Amino acid sequence: MRYISEGCSGVLYLNLSNTHITNRTMRLLPRHFHNLQNLSLAYCRKFTDKGLQYLNLGNGCHKLIYLDLSGCTQISVQGFKNIANSCTGIMHLTINDMPTLTDNCVKALVEKCLRITSIIFIGAPHISDCTFKALSACNLRKIRFEGNKRITDACFKFIDKRYPNISHIYMVDCKGITDGSLKSLAPLKQLTVLNLANCVRIGDIGLKQFLDGPVSTRIRELNLSNCINLGDTSIVKLSERCPNLNYLSLRNCENLTDLGIEYIVNIPCLVSVDLSGTDISNEAFCKGSLILEHLDVSYCQQLSDEIIKALAIYCSNLTYLSIAGCPKITDSAMELLSAKCHYLHILDVSGCILLTDQTLENLQIGCQQLRILRMQYCRLISKEAVMKMSSIVQQQEYSPNDPPLWFGYDCKGKPLSEQQDTTQLKGSELSVKESTYSNEQEAMTFSIKQEEQKI
442 MRYISEGCSG
452 VLYLNLSNTH
462 ITNRTMRLLP
472 RHFHNLQNLS
482 LAYCRKFTDK
492 GLQYLNLGNG
502 CHKLIYLDLS
512 GCTQISVQGF
522 KNIANSCTGI
532 MHLTINDMPT
542 LTDNCVKALV
552 EKCLRITSII
562 FIGAPHISDC
572 TFKALSACNL
582 RKIRFEGNKR
592 ITDACFKFID
602 KRYPNISHIY
612 MVDCKGITDG
622 SLKSLAPLKQ
632 LTVLNLANCV
642 RIGDIGLKQF
652 LDGPVSTRIR
662 ELNLSNCINL
672 GDTSIVKLSE
682 RCPNLNYLSL
692 RNCENLTDLG
702 IEYIVNIPCL
712 VSVDLSGTDI
722 SNEAFCKGSL
732 ILEHLDVSYC
742 QQLSDEIIKA
752 LAIYCSNLTY
762 LSIAGCPKIT
772 DSAMELLSAK
782 CHYLHILDVS
792 GCILLTDQTL
802 ENLQIGCQQL
812 RILRMQYCRL
822 ISKEAVMKMS
832 SIVQQQEYSP
842 NDPPLWFGYD
852 CKGKPLSEQQ
862 DTTQLKGSEL
872 SVKESTYSNE
882 QEAMTFSIKQ
892 EEQKI
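Numbering (the working numbering), first residue to last: 442 to 896.
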C-alpha cells in the first residue's frame, strides 16, 4: 500500500476488501488519497476503531461519497463516530454481514453524515425501527434490508413525510412487516422499485391499499415472491392500477389461480414475469404478453404443451425462459418454441422428463442465439446429444438422474405420495441448492466460460 499511495495519489476508487490492512494503512489514506471518492474496506478485520480515526488526519478523506464496511465486525460505536467526524460527505453506505451492527452505531454515524441517500444492511439482525427513525434526518432514496426480524410496520410510519424522494425499497424476508407497511407506502410519488419478497404477512388488503395511492402509477418493479396470502382480487387491481409496471414477481404465491394470472396480460409495459410455483394452467395468459422478454414458470406442474405453444406464438421476443419442474412438456411444444422464439439466450428445462434428443436438435436450428442451457434430470436426453450441443452454447448443465424429491414428482411425472410430500419433500426444500448438485460425480456439466461476459 505504501508504494501505491506514493505513486497513485489521484485514485478515485480504492477496493481493499478481503485484505489484511492494519491501522498503518488507514493512516496512509488521508495523507495520499486526497481525491478518494469510493472506498471498500469490506471484510478487513485487522484495523481498529483507532485506524478509522486516522481518516481525519491531514487533508482527510472528506471527498468520500461511497463506503463499504461489510463484515468489519470489529468496529464499535466509537469507530462509527470516528467515521462521522472524518467523512461527512458519505452518500452511499453498505454494511452487510454485520451481526455486531446496532442502532447506536447507525445513530453515531448519522449525527454528522446527513448526506446519505442510499443504505444497504443485509445480515444485520440487531438493527430495529430505531435505525430507520435515525435515518429520517437524511434524504434517503434507496434502502435495502434483508433477513431482519426486528423491523416492523413502525419503520414506515410517516414515511411519506420523512422520505418524500425515496425511489427504491428492498425489505426482503422481514417477518415483522404486514399490510400496515403497504398502506404507509401508498402516498409516495417517487417510488419506482418495491421488493417485499418473503414478507409472508402481507395479503390482499395491504396490496389493495398500496395500489389506491399515487404510487401505483409510478411503480416499475414489484417483487412479492412468497407472499403466500396474496390472492386473485389484489392481482386484478394490480393490473388496473399499474400501467408502467415492467417487472413483476409472484413466485410461490400459491393462492393465485388462472383468474388472477390472466389479468396480468392487461399490464401494457410488462417485460418480465416470475410465476414459478403458482398454479398457472391457462394459455390465455400468453395472448396479451406480446412484449414479454423474461418468463419464469418453473415448478408449475399443471403447465402443458398448450401454454408453451401459445408462448411461441404470442411471445416471440422471449430472451429468458424457465420451465424447470414442468413434467408435462414434450418435444412437440419445444419444436414450435424453437421455430418461433429466435432470441432465446437462456433456457432451463431441468426436470422436463419427457424431452428427448429431438428438442436439442430443434434448438440448434431455431435458437442460434442460445447461450445458457440447463437440462438437469432430463433422463431421455443422451450424453451424445449434449456433447453436440456444447459446441453451440457457452454454458450448459446436464444430468440424466431422476428428479430429486423436492421437484414433487417421480421419474415418470407422477406426483409424490402425500406421505412423501409432508416429510421428505419439506426437508429437501430447505437445502435446494445442496440437493441439486449433491451428486456431482454422476452429473455432467459442460461449460465454456468467458470472463466478464454477461448475458
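Glycine included, C-beta positions come from ideal geometry on N, C-alpha and C. Just so you know, these numbers come straight off a predicted model, no measurement behind them.
Rounded straight-line distance, which links the Cα of residue j to that of residue i
| i | j | result |
| --- | --- | --- |
| residue 741 | residue 717 | 6 Å |
| residue 772 | residue 796 | 5 Å |
| residue 834 | residue 527 | 51 Å |
| residue 457 | residue 650 | 45 Å |
| residue 736 | residue 689 | 10 Å |
| residue 767 | residue 681 | 30 Å |
| residue 563 | residue 799 | 45 Å |
| residue 889 | residue 614 | Because the pLDDT of residue 889 is 37, which lies under 50, any placement of that residue in the model is unreliable, and the question is left without a value. |
| residue 585 | residue 611 | 4 Å |
| residue 581 | residue 445 | 35 Å |
| residue 667 | residue 640 | 7 Å |
| residue 866 | residue 854 | Any answer about residue 866 is weak, because its pLDDT of 43 lies below 50 and its placement is not dependable; what the coordinates show is given next. Approximately 15 Å, taken between the alpha carbons. |
Beta-carbon spacing of residue i, residue j below 8 Å
| i | j | result |
| --- | --- | --- |
| residue 622 | residue 597 | yes |
| residue 531 | residue 513 | no |
| residue 570 | residue 593 | yes |
| residue 765 | residue 749 | no |
| residue 540 | residue 502 | no |
| residue 897 | residue 734 | The requested residue 897 is not part of the displayed model; the chain covers only 442 to 896. |
| residue 706 | residue 721 | no |
| residue 455 | residue 493 | no |
| residue 683 | residue 643 | no |
| residue 780 | residue 807 | yes |
Segment limits, alpha helix (DSSP H) that includes residue i
| i | result |
| --- | --- |
| residue 715 | No alpha helix (DSSP H) holds residue 715; the beta strand (DSSP E) holding it covers 713-715. |
| residue 704 | 699-704 |
| residue 779 | 772-781 |
Nearest neighbour of residue i, chosen from the options [CA to CA]
| i | options | result |
| --- | --- | --- |
| residue 511 | 551, 626, 666 and 561 | 561 |
| residue 805 | 849, 823, 818 and 832 | 832 |
| residue 504 | 844, 787 and 473 | 473 |
| residue 700 | 686, 673 and 712 | 673 |
| residue 482 | 508, 498, 591 and 476 | 508 |
| residue 789 | 815, 770, 802 and 780 | 815 |
| residue 712 | 679, 694, 662 and 692 | 662 |
| residue 537 | 519, 587, 556 and 488 | 587 |
| residue 628 | 465, 605, 636 and 617 | 605 |
Host beta strand (DSSP E) of residue i (start-end)
| i | result |
| --- | --- |
| residue 509 | 507-509 |
| residue 838 | 836-840 |
| residue 736 | 735-737 |
| residue 610 | 609-613 |
| residue 482 | No beta strand (DSSP E) contains residue 482, which DSSP labels as neither H nor E. |
Residues sharing a beta bridge with residue i, DSSP
| i | result |
| --- | --- |
| residue 817 | 840 |
| residue 561 | 535 and 585 |
| residue 620 | Beta-bridge pairing links residue 620 to no other residue. |
| residue 567 | DSSP lists no partner for residue 567. |
| residue 787 | 761 and 813 |
| residue 660 | Answer is none; residue 660 lacks a bridge partner. |
| residue 636 | 611 and 664 |
| residue 856 | 850 |
| residue 690 | 664 and 715 |
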